[in-house]
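Colleague: Residue numbers (my numbering), protein chains in the order written: chain A, 2 to 298; chain B, 2 to 298.
C-beta atoms are modelled at their ideal positions from N, C-alpha and C, and glycine is treated no differently.
(1) What residues in the segment 148-171 of chain B have a beta carbon less than 7 Å from any beta carbon of chain A?
(2) Can you check whether the C-beta of residue 233/A is within less than 8 Å of a C-beta belonging to chain B?
(3) For residue 34/B, which option in 94/B, 134/B and 122/B has the closest C-alpha, if you only look at C-alpha atoms?
(4) Can you tell me whether residue 28/A is helix, strand or coil according to DSSP?
(5) Going by the CB atoms, is the gap between residue 227/B and residue 22/B shorter than 8 Å?
(6) Using a Cβ cut-off of 8 Å, pull out every chain A residue sitting near residue 236/B, in sequence order please.
(7) Go ahead and pull the three-state DSSP assignment for residue 130/A.
(8) Is there a C-beta anywhere in chain B that falls below 8 Å from the one on residue 181/A?
(9) Check the C-beta distance from residue 127/B over to residue 271/B and give it rounded, since I have them as a contact under 8 Å.
(10) Which of helix, strand or coil does DSSP assign to residue 96/B?
(11) In terms of alpha-carbon separation, which member of 143/A, 48/A, 172/A and 54/A lies closest to residue 95/A?
(12) Provide the residue span of the beta strand (DSSP E) that contains residue 194/A, from first to last.
(13) Kindly indicate the opening and closing residues of the alpha helix (DSSP H) around residue 79/B.
(14) Does the segment 77-95 of chain B touch the segment 5-20 of chain B, meaning 3 or more C-beta pairs lie closer than 8 Å?
(15) With contact counted as at least three CB pairs below 8 Å, one residue from each stretch, are the segment 155-162 of chain A and the segment 61-72 of chain A in contact?
(16) Can you list, in chain order, the residues of the segment 235-262 of chain B whose Cβ is nearer than 7 Å to any Cβ on chain A?
(17) What do you reckon, are the CB atoms on residue 234/A and residue 173/A nearer than 8 Å?
(18) Do you know how far the Cα of residue 106/B is from the Cα of residue 299/A?
(19) In or out: residue 77/B buried (at least 16 other Cβ within 10 Å) or exposed?
(20) Taking DSSP's pairing of strands, which residues face residue 87/A in a bridge?
(21) Using a Cβ-Cβ distance cut-off of 8 Å, determine whether residue 90/A contacts chain B.
(22) What do you get for residue 195/A, buried or exposed, if any count of 16 or more other CB atoms within 10 angstroms of its CB means buried?
(23) Can you look up residue 114/B in the DSSP assignment and give me helix, strand or coil?
(24) Grab the span of the alpha helix (DSSP H) containing residue 203/B for me, first residue to last.
(25) Nearest-angstrom Cα distance between residue 37/B and residue 249/B?
(26) Going by C-alpha distance, which of 13/B, 3/B and 18/B is nearest residue 218/B?
(27) Within its chain, find whatever has a CB closer than 7 Å to the CB of residue 255/A; leave out the 5 residues flanking it on each side and keep chain order.
(28) Does the beta carbon of residue 178/B sit closer than 8 Å to a beta carbon anywhere in chain A?
(29) From residue 170/A to residue 14/B, what distance separates their C-alpha atoms?
(30) Closer than 9 Å by beta-carbon distance: list the chain B residues that pair up with residue 175/A, in chain order.
(31) Give me, in chain order, the residues of the same chain whose beta-carbon lies closer than 7 Å to that of residue 201/B; leave out the 5 immediate sequence neighbours on both sides.
(32) How many angstroms separate the CA atom of residue 20/A from the CA atom of residue 276/A?
(33) Would DSSP call residue 68/B helix, strand or coil?
(34) Name the two residues that bound the continuous alpha helix (DSSP H) containing residue 222/A.
(35) Going by DSSP, what residue range makes up the alpha helix (DSSP H) through residue 43/A?
(36) What's the call for residue 295/A, buried or exposed, on a 16-neighbour Cβ count within 10 Å?
If you want it as structure tokens, here you go:
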């Protein structure tokens with residue numbers, strides 16, 4: 002496949018830039034969004050780049066997901082697998098990738114119309130899972146996830162060409178600012194903040210524990226936060242946070258005893274499949290970025 | 002001086018315990034608190050172990066304090082002094098101790114009746130500064146301060162005999178849950194959670210960067226947070242947070258661009274001066290614990 006023009010160059014120059022987004026937020030299609038979301042919600046997503054859908058999954062469903070999560074935390078064989086990422090300082094399970102493929106419980110969730118229909122509407126047609134994972138984020142020593150745009154990484158390190166992907170995070174525990182709920186800069190998805198510093202080889206091996214490349218500069222973050230402010234996605238377990246692939250987001254550490262686990266599914270439009278990574282490095286493994294096996298949801 | 006009985010033993014046994022507080026929260030004296038605080042506030046402090054006093058210092062005063070803070074951040078000679086504690090990973094200034102002694106701007110604040118009178122009322126008489134410091138807590142990479150009871154450390158490592166000290170934190174920046182405002186467990190001051198693990202030599206050299214000893218166990222924190230909940234001291238710059246020496250508190254990291262600097266003064270009653278450390282180790286330096294020069298405020 003002919004590599005497309007790099008419309009969103011990053012990690013090339015030695016100073017950060019703010020480039021305009023050249024893709025729509027809600028991609029036009031024949032899908033009638035009004036059956037899925039109210040007009041105000043659609044407008045809010047367009048403006049803020051995220052949307053909180055309270056109580057989307059029932060308490061019973063959340064209980065089932067959490068039982069599977071606990072089983073996985075105690076599954077020694079899982080700890081050794083590449084899909085399992087552990088906390089840098091205590092080895093506790095931090096994330097498990099590719100849950101849409103390998104887990105009978107979670108692969109059904111990926112296809113659930115309550116989230117898949119919304120993804121199809123926002124992205125304007127058929128979608129597939131670009132990446133999925135279970136984030137444990139335990140209490141007491143839950144690490145922070147520094148500010149980043151997912152798209153900047155998926156573009157540079159995976160070769161995702163355009164901003165036509167959306168993430169759905171299903172909260173398995175109550176999230177508020179005290180236990181490090183996700184913070185987002187509402188509206189930041191409309192601007193593309195480039196990062197500095199060339200991507201090192203096998204960057205994913207460290208970045209999934211603590212991201213050091215593809216990290217916005219202090220000046221960029223100050224610019225975005227002063228222009229757009231910072232929202233905190235506080236919601237109860239069972240709620241769904243839908244957010245654009247380019248909205249700047251991150252979360253503080255969590256010293257409270259209350260974990261903030263979530264299921265994370267990234268939907269990508271079938272016309273936006275990945276090319277070669279724009280950073281020129283070898284592609285990241287399949288469990289981080291669907292490249293070999295693409296199945297329309 | 003004859004070492005008093007250790008009424009609050011900690012870091013002795015190899016399992017944590019919860020012991021009752023045997024000291025009053027508001028120590029009886031002839032001081033009429035009603036001129037300083039409303040009845041509801043007095044009751045609230047007694048019950049919760051902390052009190053937020055909004056807009057105690059004016060914007061002009063806060064500006065003056067911040068100007069001094071910025072001067073200190075750029076004072077190279079300060080960086081090398083023992084009173085200056087830097088962030089473990091980037092060398093940025095984290096705290097400066099003993100600001101009540103060496104800084105014309107801040108030593109006046111320590112005597113300011115708006116806080117000193119409240120300390121005298123709560124502690125029931127004359128007080129002196131046990132410890133004072135300026136916490137920078139910068140944006141972007143502000144570290145977390147894990148859960149702890151100040152008294153547990155001041156008792157074990159400084160020899161403070163009883164719970165008759167109170168801290169006043171003057172907010173120099175707006176604090177909310179997003180930029181890691183202090184979290185407290187309201188009511189936890191009425192129980193004494195012991196810690197495990199013997200205090201290592203010169204523990205303060207590491208503990209001021211990242212506390213590893215004198216840290217409550219997960220079980221103790223779960224017990225306290227389920228029994229008392231977790232409050233977040235959100236307030237504007239110029240507000241004062243008054244909190245009992247034994248209330249369990251801590252703060253998450255701060256990835257937002259907004260710093261949360263504060264001035265921190267610990268008042269101790271003149272009848273509660275420190276003895277030898279109950280851990281049996283050499284005393285900590287004077288800049289952390291007033292022992293040699295005690296001046297009634």
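Modeller: In short:
(1) 148
(2) Interface annotation, residue 233/A: in contact with chain B, CB-CB separation under 8 Å.
(3) 122/B
(4) In the structure shown, residue 28/A sits in coil (DSSP, three-state: anything other than H, G, I, E or B).
(5) no
(6) Near residue 236/B there are no residues of chain A at all, since even the closest Cβ is about 14 Å away, more than 8 Å.
(7) strand
(8) yes
(9) Taking 8 Å as the upper bound for CB-CB distance, residue 127/B and residue 271/B are in contact here, some 4 Å apart.
(10) strand
(11) 143/A
(12) 192-194
(13) 77-80
(14) The answer is no - the segment 77-95 of chain B does not touch the segment 5-20 of chain B, with fewer than three Cβ pairs under 8 Å.
(15) Three or more beta-carbon pairs separated by less than 8 Å are not found between the segment 155-162 of chain A and the segment 61-72 of chain A, which leaves the two stretches without contact.
(16) 251, 253, 254, 255, 256, 257 and 258
(17) Result no, Cβ atoms of residue 234/A and residue 173/A do not sit closer than 8 Å.
(18) Residue numbering for chain A in the displayed model covers 2 to 298; residue 299/A lies beyond these limits and cannot be assessed.
(19) Residue environment for residue 77/B: exposed (fewer than 16 other C-beta atoms within 10 angstroms of its C-beta).
(20) Per DSSP, 94/A.
(21) no
(22) buried
(23) helix
(24) From DSSP, residue 203/B is part of no alpha helix (DSSP H); its letter is neither H nor E.
(25) 25 Å
(26) 18/B
(27) 138, 140, 143, 180, 181 and 261
(28) yes
(29) 43 Å
(30) Under the 9 Å cutoff, chain B gives no residues; its nearest Cβ is about 12 Å from residue 175/A.
(31) 214
(32) Straight-line Cα distance between these residues: approximately 21 Å.
(33) helix
(34) 219-229
(35) 40-49
(36) exposed
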